[in-house]
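Note that our numbering has the sequence shown beginning at 7, numbered continuously upward.
The structure appears right after this line, and notes come after that.
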Amino acid sequence: MGGPVTLIGIAASPGIAIGRCWTIDRRKVRTPRRKLLPEEIDAELLRFRNAIERSDRQLAEVREKVEKAEGTEHTAIIDMHRLMLKDEMLVVEAQRLIREDGVNAEWAVKRAVRKIKGAFRAVADDYFKERRADVDFVGERVIKNLLGEAVDVAERPPDGAVVVAHDLSPADTALLLHDGKVGGFVTDAGAKTSHTAIVARALEIPAVVGVGRISTLASRGDWIVVDGGRGIVILNPSPGERADYEVARQRFLEQEEELSRLRDLPARTLDGVTVRLAGNIEFAEEVPSLLSHGGEGVGLFRSEFLFLGRRDLPGEEEHYRTYRRVLEALAPRPVTIRTFDLGADKLPAGQRDHADNPALGLRAIRYCLRHPDMFRDQLRALLRAGVHGNLKIMFPMVSGVAELRAAKRMLAEAREELSREGVETKVPPVGIMVELPAAAMLADRLARECDFFSVGTNDLIQYTIAIDRQNKDVAYLYKPLHLSVLRTLRFICQAGREAGIPVSMCGEMAGEPLYTLVLLGLGLDELSMNGPSIPLVKKVVRAASAADGRALLERILTLTAGDEIEREVRSEMARRFPGLLEAEAAVGPVAG
Ligand code: PEP
Ligand code: MG
């Protein structure tokens with residue numbers, strides 16, 4: 007055991023864990039390389055087939071164990087890995103390499119995996135990085151089986167232990183969690199969208215991923231502190247650090263406890279204005295966490311996540327099952343499913359947008375209207391699933407009425423098609439994301455042709471101030487309280503109100519308590535955010551009055567510079583809600 011070492015990683019799931027390390031050796035296997043003699047080839051092909059079958063049996067066993075313990079909540083990813091074991095790119099390619107290049111099966115698998123990953127490499131997106139990791143997990147399992155090495159974590163960590171590993175496959179995570187009470191997770195690899203991170207958030211287990219070298223520094227039994235809200239890990243903490251974190255942990259738990267008491271209380275202001283606090287989700291697995299934080303529905307389901315990282319396109323049936331699962335889990339609460347926001351950095355594996363300005367290119371509704379067969383599959387799945395809950399459909403990146411009409415026409419056609427097939431459907435409310443300045447300027451006209459608006463501030467701010475939301479160099483200009491943004495928001499809300507349609511906000515701005523009073527002043531009907539952000543926003547709503555929000559809004563609209571506006575809002579919030587901004591800091595940045 008050495009002295010304290012502090013490491014910074016990615017804050018994957020909030021909360022503080024203090025416990026002993028349970029290290030798992032998940033380092034990469036060394037893949038042997040050998041040239042085969044021609045007479046060895048048939049035997050090698052058989053050895054390869056056997057390893058594939060063994061891998062599939064192991065995954066089937068993991069799946070069965072997990073399903074027995076927790077139902078099918080976390081089995082989808084294991085199913086996906088089983089499908090990869092049948093993928094032509096892996097199986098046919100490895101067989102070809104054995105047969106034609108005469109390489110041993112281990113090496114053939116390694117090369118096939120490298121080729122598949124090459125298809126993902128072009129895209130600098132966390133989600134794709136993670137799907138590359140999925141291909142690695144599957145390839146590694148086959149190689150380990152060929153080498154006769156242990157494949158799955160066999161031992162259970164003691165309750166409260168912190169699992170430390172280079173990386174964890176979804177199968178590892180599922181096995182570790184299915185009957186134990188893990189205190190936290192720390193991994194060298196991974197991103198916010200890696201499976202371990204998603205599951206950790208869903209089960210509310212503190213986790214820090216992407217730490218870099220924790221697995222080489224930690225030994226089993228070492229003390230470790232995991233601050234999942236800030237992405238900090240302290241290995242071998244000093245007694246002082248342990249005591250400090252014990253206090254912070256206690257405070258976090260008390261705050262959670264206090265906030266969870268708010269769960270079933272309405273988000274109503276002191277002067278009687280109610281706003282719906284809903285959740286943004288990317289996966290069905292996030293629903294339990296959303297409900298436990300008091301989510302009153304889903305304000306944004308980013309349906310395109312079903313596409314990412316795979317080469318086969320999900321068909322109508324798969325869409326239908328996913329939507330139905332979310333709708334049933336939340337019924338009778340509303341679930342707003344956004345049609346695919348594909349394009350730019352979000353494309354199915356192997357496809358790449360080569361345009362000079364992909365953010366201004368064939369994205370979202372434009373992409374869907376250009377690929378009508380794919381869009382029709384989704385619309386049919388949505389309409390079929392709609393009878394199982396309270397569905398709302400929302401189109402992203404609408405720039406004008408022509409696109410809205412075209413999308414609505416396709417929805418009507420899908421409905422007629424289903425009705426000809428004898429399938430009953432309901433007419434769902436249809437809304438649009440207002441996330442382009444063009445749509446904002448036309449809000450009064452668009453409001454006549456749809457049932458609701460949802461303001462996507464992430465893109466609206468990007469396009470209004472002309473700052474690429476992924477570009478660190480201009481991040482300092484990203485100002486939700488920029489006067490241009492405030493004026494735009496006011497115009498959208500007024501247009502919605504005059505047309506009598508509800509206006510929601512689902513960009514990150516909606517989940518930031520600093521802005522809650524301003525948003526109340528704008529008169530938004532719904533705020534949709536990551537589940538863990540809901541309690542704090544609700545706390546502000548319940549202690550605020552909409553009239554004060556309106557007064558604050560009027561006041562800041564008379565100011566000009568963004569910094570001046572922000573200073574004014576900060577000081578007003580600090581005065582009205584003392585401790586709020588510190589409470590936010592103690593809980594740490596919200597995952598998502
Ligand atoms: C937005 O643009 O604000 C939004 C919610 O959509 P996304 O972040 O998925 O682009
Ligand atoms: Mg957007």
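Quick reminder that beta carbons are idealized off the backbone N, C-alpha and C, glycines included.
Alpha carbon of residue i to alpha carbon of residue j, nearest angstrom
i                 : j                 : result
cysteine 27       : alanine 167       : 6 Å
glycine 594       : isoleucine 399    : Here glycine 594 scores only 37 on pLDDT, less than 50, and its place in the model should not be relied on; the value that follows carries that caveat. The alpha-carbon atoms of glycine 594 and isoleucine 399 are separated by roughly 33 Å.
lysine 485        : proline 519       : 15 Å
alanine 125       : leucine 366       : 23 Å
leucine 492       : arginine 556      : 13 Å
arginine 415      : phenylalanine 346 : 17 Å
alanine 597       : methionine 380    : With a pLDDT of 30 at alanine 597, under the threshold of 50, the modelled position of that residue is not reliable, and no figure is offered here.
phenylalanine 311 : phenylalanine 289 : 7 Å
alanine 276       : valine 546        : According to the sequence as given, residue 276 is leucine; it is not alanine. If I take the Cα positions, the gap works out to 10 Å.
valine 98         : aspartate 383     : 29 Å
leucine 495       : glutamate 514     : 14 Å
alanine 552       : valine 332        : 32 Å
serine 309        : proline 340       : 16 Å
valine 480        : leucine 487       : 16 Å
arginine 40       : alanine 118       : 16 Å
glutamate 560     : aspartate 142     : 55 Å
lysine 121        : leucine 103       : 12 Å
alanine 524       : alanine 580       : This sequence places valine at residue 524; alanine is not what is there. The straight-line gap from Cα to Cα measures roughly 14 Å.
arginine 69       : glutamine 256     : 36 Å
cysteine 599      : phenylalanine 401 : Shown here, the chain extends from 7 to 598; a query on residue 599 therefore has no answer.
leucine 43        : leucine 241       : 50 Å
aspartate 31      : serine 225        : 10 Å
glutamate 409     : methionine 90     : 37 Å
proline 378       : glycine 190       : 45 Å
aspartate 250     : arginine 390      : 53 Å
methionine 447    : aspartate 474     : 21 Å
leucine 181       : threonine 81      : 11 Å
proline 212       : alanine 472       : 36 Å
arginine 282      : threonine 342     : 13 Å
valine 436        : alanine 413       : 10 Å
alanine 23        : leucine 259       : 11 Å
alanine 203       : glutamate 262     : 20 Å
alanine 591       : glutamate 291     : In this predicted model, alanine 591 has a pLDDT of only 47, less than 50, meaning its place in the structure is not dependable enough to derive any value.
Proximity test, residue i beta-carbon vs ligand 1 heavy atom, cut-off 7 Å
i             : result
threonine 463 : yes
glutamate 323 : no
glycine 513   : yes
leucine 368   : no
leucine 306   : yes
glutamate 455 : no
aspartate 474 : no
aspartate 347 : yes
Buried versus exposed call for residue i [16 or more other C-beta atoms within 10 Å across all chains shown]
i             : result
valine 205    : buried
glutamine 468 : buried
glutamine 101 : buried
proline 245   : exposed
glycine 305   : buried
glycine 9     : exposed
lysine 544    : buried
valine 72     : buried
histidine 599 : Since the first residue shown for the chain is 7 and the last is 598, residue 599 is missing from the structure and cannot be characterised.
alanine 66    : exposed
arginine 330  : buried
alanine 4     : Since the first residue shown for the chain is 7 and the last is 598, residue 4 is missing from the structure and cannot be characterised.
tyrosine 482  : exposed
threonine 1   : With the chain running from 7 to 598 in the structure shown, residue 1 is simply not present.
Beta-ladder partner(s) of residue i, from DSSP
i              : result
valine 440     : Val461
cysteine 27    : Val168
glutamate 532  : Arg282 and Ser510
methionine 19  : In the sequence on display, residue 19 carries serine and not methionine. DSSP output for serine 19 lists Ala213 as bridge partner(s).
asparagine 56  : According to DSSP, asparagine 56 bridges with nothing at all.
arginine 274   : Thr280
valine 11      : Leu241
valine 232     : Ala23 and Val239
methionine 400 : Arg344 and Gly437
Any non-hydrogen atom of ligand 2 closer than 7 Å to residue i Cβ
i              : result
methionine 439 : yes
proline 402    : yes
aspartate 379  : no
Near ligand 4: residue i beta-carbon under 7 Å from a heavy atom
i            : result
aspartate 31 : Absent from the structure shown: ligand 4. Ligands present: ligand 1 and ligand 2.
Could you tell me whether the stretch 493-502 touches the stretch 443-460, where touching means 3 or more Cβ pairs closer than 8 Å? yes
Is it true that the stretch 216-224 meets the stretch 11-23, where meeting means three or more beta-carbon pairs spaced less than 8 Å apart? yes
Are the stretch 289-309 and the stretch 522-540 touching, with three or more C-beta to C-beta distances below 8 Å? yes
Validate contact between the stretch 417-426 and the stretch 385-400 using beta carbons, cut 8 Å, 3 pairs: yes
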